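Quick notes on the structure that follows.
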Amino acid sequence: AGSVALEGVTKRYGAETVVAGVSLAIAPGEFFTLLGPSGSGKTTTLSMLAGFVMADEGRVMLGGQDMTHVPPRGRGLGMVFQNYAIFPHLNVAENVAFPLTVKRAPKAEIAARVAEALEMVKLTGFEQRYARQLSGGQQQRVALARAIVAHPRIVLMDEPLGALDKNLRYHMQVEIKEISRRLGTTVIYVTHDQEEALTMSDRIAIMERGRIAQMGPPREVYEKPDSSFVAAFLGEANLLPARRDGNAVAGPGGARLEAGAGALSAPEGLLFIRPEKVTIAPDAPGEGPNMLPGRVRHASFLGNVVRYAVEVPEGATVLCDAANGAGATLHAPGDPVRLSWRAEDSRL
Ligand code: ADP
Ligand code: MG
3 AGSVALEGVT KRYGAETVVA GVSLAIAPGE FFTLLGPSGS GKTTTLSMLA GFVMADEGRV
63 MLGGQDMTHV PPRGRGLGMV FQNYAIFPHL NVAENVAFPL TVKRAPKAEI AARVAEALEM
123 VKLTGFEQRY ARQLSGGQQQ RVALARAIVA HPRIVLMDEP LGALDKNLRY HMQVEIKEIS
183 RRLGTTVIYV THDQEEALTM SDRIAIMERG RIAQMGPPRE VYEKPDSSFV AAFLGEANLL
243 PARRDGNAVA GPGGARLEAG AGALSAPEGL LFIRPEKVTI APDAPGEGPN MLPGRVRHAS
303 FLGNVVRYAV EVPEGATVLC DAANGAGATL HAPGDPVRLS WRAEDSRL
């Protein structure tokens, strides 16, 4: 009952196509995230699922049923939106009860469901308070309780934690994940925050200008991006100039590159490698592919890691994150170093 599918869904505003033929299929109980920069069409996509925005083309399927033309109320979804604030004139219990009140559910059932939902978000005892008497995080939890109180099979969330500070955000991420798992709810989550998407999701769809650029489990999209857009959007990425050299691939200074995946379809391209997959060592002659001599330009102490910016031949810069573990060697700006990485961690 909790399955969700979009089939070639398109939305235009005037001459602008803001969602361009998006198709996806989400399994019951899955935590699925739409991730992308501002303006990439995440909210519009979610709004078409909710029924607030009508698709110009394509179908919206919920629980195996065609809901393309069903109004929001008939779709049986729970929702949490960033600006979908809790009602200031209702107290916490009344706010949470709202979806059941409009359905005219029996009083006893409402009371039981509200108590259950409040317990789940750890707000038992706050029933009589009003929005102004709650912290931002507590208000967010009220909105979450309201979204789950009617036990929807599917919950939509649009940047629900956007207004919270970092610690609270992390705490709420864990809480949302736990509750959705406990209830077996399908969650469609929208965020522009890559860390949040990587932490919470079973699968992520990365949106770029109204299209899905790539879709997959967090590890897969992070480690095997199909494009430089996806590589750069999901975190720091080194994208090194690479060129065909006979049957081989040459990088900066003619270094031999061997990638775990991908190929150069043109004479020139890019080699992708994450900073944490690059090993930095004092300069010493080395044999084999994926080795670059360089000079440390900058070392940033980030606490658990030291991030080095290393200048390599042809003016390219490679970022390298080295764990600041016991016995870690520190390299100072100006030091000659050698960078290396495993072929399987890189991609052309
Ligand atoms: P996101 O949530 O990823 O930031 P949106 O889905 O809100 O992106 O918006 C995608 C694009 O559609 C943006 O360029 C935005 O300006 C445009 N857009 C959204 N809603 C409307 C609307 N009601 N009228 C015209 N343009 C809109
Ligand atoms: Mg948005």
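Position one of the sequence shown corresponds to residue 3 (full-length UniProt numbering), numbered consecutively onward. Positions of the beta carbon are idealized from the N, C-alpha and C atoms, including for glycine. Since the model is a prediction, treat every value here as computed from it, not as a measurement.
- Shown here, D68 sits in a strand according to DSSP, grouped into three states.
- Between G60 and V72, the C-beta spacing is not below 9 Å.
- Counting only runs of 3 or more residues that sit fully inside the segment 26-77, the beta strand (DSSP E) segments are 33-37 and 59-64, in chain order.
- Inter-residue distance for P284 and F33 is about 44 Å (C-alpha atoms, whole angstroms).
- Here the alpha carbons of R349 and V312 stand approximately 20 Å from one another.
- By the Cβ-count criterion, S40 is exposed, with fewer than 16 other Cβ atoms from all chains shown falling within 10 Å of its own Cβ.
- Assignment of G80 by DSSP, reduced to helix, strand and coil, places it in the strand class.
- Per DSSP, the continuous beta strand (DSSP E) segment holding Q216 begins and ends at R213 to G218.
- Contact annotation: R297 and L266 have beta-carbon atoms that are not nearer than 9 Å.
- Pairwise C-beta distances place the segment 219-237 in contact with the segment 271-279, as three or more of them are shorter than 8 Å.
- For A239, the secondary structure class from DSSP, reduced to helix, strand or coil, is coil.
- The C-alpha of L36 is placed about 12 Å away from the C-alpha of S25.
- Of all residues, those with a beta-carbon under 5 Å from at least one heavy atom of ligand 1 are Y15, V20, S40, G41, S42, G43, K44, T45 and T46, reported in chain order.
- In this structure, L92 lies away from G139, with their beta-carbon atoms at least 9 Å apart.
- Counting C-beta pairs with one atom in each stretch, the segment 172-179 and the segment 125-137 have fewer than three that are closer than 8 Å, which means they do not touch.
- Within 8 Å of the C-beta of D323 there is not a single heavy atom belonging to ligand 2.
- Of the heavy atoms belonging to ligand 2, none sits nearer than 8 Å to the Cβ of V55.
- At the C-beta level, E161 and T201 stay beyond 9 Å of one another.
- At a Cβ-Cβ threshold of 9 Å, I156 and T188 count as neighbours.
- No Cβ-Cβ contact shorter than 9 Å links E316 with P269.
- E210 has its Cβ no nearer than 8 Å to any heavy atom of ligand 2.
- Relative to ligand 2, the beta carbon of D160 is positioned inside 8 Å of a heavy atom.
- Beta bridge pairing from DSSP links V298 with V312.
- Within the DSSP secondary-structure output, D247 pairs in a beta bridge with A250.
- For the 9 Å CB-CB criterion, G23 and R258 do not form a contact.
- Secondary-structure assignment with DSSP links L321 through a beta bridge to A311.
- V151 places its beta carbon less than 9 Å from that of V116.
- Secondary structure at S342: strand, using DSSP grouped into helix, strand and coil.
- With contacts defined as CB atoms closer than 9 Å, A57 and V11 qualify as a contacting pair.
- Remark: the shortest separation between the CB of V192 and any heavy atom of ligand 2 falls under 8 Å.
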